[in-house]
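Read top to bottom, the protein sequences are chains A and B.
So the first sequence is residues 41 to 230, counted in the numbering used here.
So the second sequence is residues 190 to 717, counted in the numbering used here.
Backbone N, C-alpha and C fix where the C-beta goes; we use that ideal spot for every residue, glycine too.
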Amino acid sequence: MISTALAILVFIAIVAAAGVALAWLSDTDSTDNQDSPDDAPKSEQQLIEAVNNLLPQTQCAQCGHPGCRPYANAIVQANAPINQCPPGGDSLIRDLASYLGKDVIPLNTQFGESKPSQLALIDEATCIGCTLCIAACPVDAIVGASRLMHTVIASQCTGCELCLPPCPVDCISLIPEPVTLNRWHWPRPA
Amino acid sequence: MSNLLQRWFTGTHTPALNGGLALPRNKQGLPNGNRIRCLEVPSTVFIPLTNYHHDALHPHVQVGDEVQCGDALAEGVIASVGGRVIDIASRPIIHPSGLSVPCVEIATDKSCEYPRPVHAPQKQLTLERLALCGIQGLGGAGFGTAGKFSAALQTHGAITTLVINAVECEPVISCDEALMMTEAAEIVDAIQALIRMSDCKRCLLAIENDKDQALSVLTTLLQARGMEQSVELCALSPIYPSGAERPLIERLTGQCLPPGSPPSQIGVVCINVATALAAWRAQQGHPMVSRIVTVAGEHAAHATNVRVTFGTTVAEVLRQTGNDDMAVKSRVRAGGPLSGFDLHRLDVPVTATTNCIAVEPVRQPALSLPCIRCNACSDVCPVKIMPQQLHWFAAKDDLQQSARYRLMDCIECGCCDAVCPSSIPLTQTFRYAKGLHRAEQSKQRLAAESEERFRLREQREAERTAAREQKRKAAQARLAERSDPITDALSRIRNRKKSGASQQSSTPATSSARTRNSAGPNNEDTPE
Ligand code: SF4
Ligand code: SF4
Ligand code: SF4
């Protein structure tokens, strides 16, 4: 009788121990699988830095702020809506929402439409060398000198369109970013 | 540990490849005692101005220039023939995208005969010579050979192991085997030269054990030269993809290559056997202007291995080997049946990376079905990826999870595709996802760069505004200090009248006051 009771007790103990162990394991496993940002509170500066890293750095000012970092400041400090950046588009809104724990909302098209990436091209025959576009380019992607032909450094142009309005002879146009060999990649299988 | 056990049990030096496939070898067109035929140099050749990284290179020549065989056409690109540059224009090249890149078109000067040294022979091979002669990998990737050696010297300080890769594991391709059957003596010379140049501690020659003729000739030659100590001959079982660089190095050296880092990181340089021979030719003064190409495939009328001058078009190779009739009705591929790709057109030039031109029947792609979790794919994967799991995430563009399932470790060998009973395009999906990953990375890099330039510009503007402001303040202060010239002059006149000075001496004083008055504001550099 006693031995039966002992046996049952031992059995219960083993099962309980196994249960606890399994629960613990599954717990560590599930936390391990989470990809959410660390739970440690972040300083405001760190948050701004992280949000700024998510922004496309086109520096086009379409969001109503003079560049991406100012917009990052506004998002973190002034709680600005996260749907004002047309170059970032929906994927940026998704990333920001998941990072900041906000709802995914559609892009506010008042600020502009999301377009495929593009770059500026100066018609070098028409350019009069007025240097106005150089002053407008937020990322120093245009080179040229006074009264000499200007050109766009394709690899540095972000396609922000800020150089278009100041050009007095309208010789700058935006072209879709060409697919070059080093930018090509395999398509998704059909 | 498992490697060690395996070594004890099998008695071999190198552990077996993980997974892989024992495929029918199907090596056609071996020379069998004959010399390898050199194709005729066509009347025009096309040399693409691009490199391993697919950058567009700036040409060093202009249309109309006369070039000699071996002259540099751009950085790291040399002319494969002598002649006149008749055009520099965008043309399609051998690439799965079918995209075009600028190519130099040379009207060949028929008097230029291969082979003729264009540089003076060297006593000892140097890296400069390798670069000068345009030596690049002939194994399929086309990385600059001098770059491999200097990377190992830079990152690791010395070259510990030199691996000569003669493992040609993919079915159909047989260009390296053909080379070893015909030019074994030169290959041994080449290995000797490379050992001396690299000053390596260990040299391994990896080859499959079913390449009977090549293996026996090389063994005899190494013994005859007394090199059996310095060169370890590793005969591997012919499993695909034994020749893939990363798994091969890990098996041979027993060292683990950190993900994403090149072999040079651990002081290992791995070069293809044909590249080794080209390096030795460079020592003799020959630039790398041609390679051996396998022309084979199920639909090939005449399977063969031929030496092709770079810049010859695929169509021309097929014509000269008598395969052009079949090519019309077939699918022409560059590379082997597993790792190669279909060509969009045939007027594309052969380059150092073109190891095989395969004429294959047109096949409908099989319809893919859902995964049945049979694990056949993970059993054959040579880098121990779980393709079925990875595919789940890669097909959904989930790059974060794909990275956890080691997407970037996939060597795109195609083994998983070959065994999948559901015909899921696993390898293709991984190629796509890897491309996506790289695009994402380069986007992030560009974003970081443009942010930096934006920051510098802001800083510069701020400094400029501050400087302007300072100048304005200084000018204002100067103005305030100095009294008004008109009151000045008036007071002077008053003073003179008081002292009763003569009329003569007052005239120059007023005129000088007037000049100063008119010139004053113009000379000031006060910005408004
Ligand atoms: S709209 Fe987007 S890319 Fe343009 S400046 Fe604002 S945050 Fe930057
Ligand atoms: S293609 Fe990639 S995943 Fe498939 S077997 Fe080869 S290495 Fe493994
Ligand atoms: S071989 Fe195909 S069906 Fe089998 S587990 Fe892999 S993906 Fe799934």
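A:A112 places its beta carbon less than 8 Å from that of A:V91. Contact between the stretch 207-215 of chain A and the stretch 602-616 of chain B is not established, with fewer than three Cβ pairs separated by less than 8 Å. With fewer than three CB-CB distances shorter than 8 Å, the stretch 326-344 of chain B does not count as touching the stretch 486-493 of chain B. The alpha-carbon separation between B:G272 and B:D260 amounts to approximately 11 Å. The Cβ atoms of B:R318 and B:Q472 lie closer than 8 Å to each other. Residue burial annotation: B:F582 is buried, with at least 16 other C-beta atoms found within 10 angstroms of its C-beta. Counted as a single uninterrupted DSSP element, the beta strand (DSSP E) harbouring B:F235 occupies residues 233-237. Contact annotation, B:A424 with B:L407: C-beta distance approximately 10 Å; criterion of less than 8 Å not satisfied.
In the three-state scheme derived from DSSP, where H, G and I count as helix and E and B as strand, B:L393 is classed as strand. Under the DSSP assignment, B:E549 falls in the beta strand (DSSP E) whose first and last residues are 545-549. Neighbours of A:G107 in chain B, taken as residues whose beta carbon is under 8 Å from its own, are F643, E647 in chain order. One Cα belongs to A:R109, the other to A:I88, and the distance between them is close to 8 Å. The closest heavy atom of ligand 1 lies less than 7 Å from the beta carbon of A:L95. Judged by DSSP secondary structure, A:P110 falls within the alpha helix (DSSP H) whose first and last residues are 108-117. With fewer than three CB-CB distances shorter than 8 Å, the stretch 113-127 of chain A does not count as touching the stretch 184-192 of chain A.
Here B:V356 is near B:I396, since their CB atoms are less than 8 Å apart.
Remark: the C-beta of A:Q117 is outside contact range of ligand 1, defined as less than 7 Å to any heavy atom. Following the DSSP letters along the chain, one finds B:L410 inside the alpha helix (DSSP H) bounded by residues 401-413. Every residue whose Cβ sits closer than 7 Å to any heavy atom of ligand 3 is listed here in chain order: B:C560, B:I561, B:R562, B:C563, B:N564, B:A565, B:C566, B:S567, B:P576, B:Q577, B:H580, B:C605, B:V608, B:C609, B:P610, B:S611, B:I613, B:L615. With respect to B:A211, B:I428 sits close: the two C-beta atoms are nearer than 8 Å. Around B:A516, the same chain offers L507, V548 as residues with beta carbons nearer than 6 Å, after the five sequence neighbours per side are excluded. If you look at A:C173, you'll find it in the alpha helix (DSSP H) that goes 172-176. In the three-state scheme derived from DSSP, where H, G and I count as helix and E and B as strand, B:Y594 is classed as coil.
Sequence-ordered contacts of the stretch 522-535 of chain B with chain A are nonexistent [C-beta pairs closer than 8 Å]. Between the alpha carbons of B:T297 and A:P96 lies a distance of about 49 Å. Close to A:D180, with beta-carbon spacing below 7 Å, are these residues of chain B in chain order: R642, R646. Contact between B:A367 and B:L588 does not hold, since their C-beta atoms are separated by about 42 Å, which reaches or exceeds 8 Å. Annotation for B:T315: M386 place their beta carbon closer than 8 Å to its own, counting only its chain and skipping 5 residues before and after. For B:E229, same chain residues with a beta-carbon under 8 Å away, outside a window of 5 residues either side, are Q509 in chain order. For B:T654, the nearest beta carbon of chain A is not closer than 8 Å to its own beta carbon. With a cutoff of 8 Å on beta-carbon distance, B:P248 and B:I277 are scored as near each other. The nearest non-hydrogen atom of ligand 2 is less than 7 Å from the C-beta of B:I600. Secondary structure of B:R534 (DSSP, three-state): coil.
B:E255 has B:R273 as its beta-bridge partners, per DSSP. At least one beta carbon of chain A lies nearer than 8 Å to the beta carbon of B:H242.
Cβ contact annotation for A:V179 (same chain, cutoff 7 Å, sequence separation greater than five): Q99, Q196, T198, in chain order.
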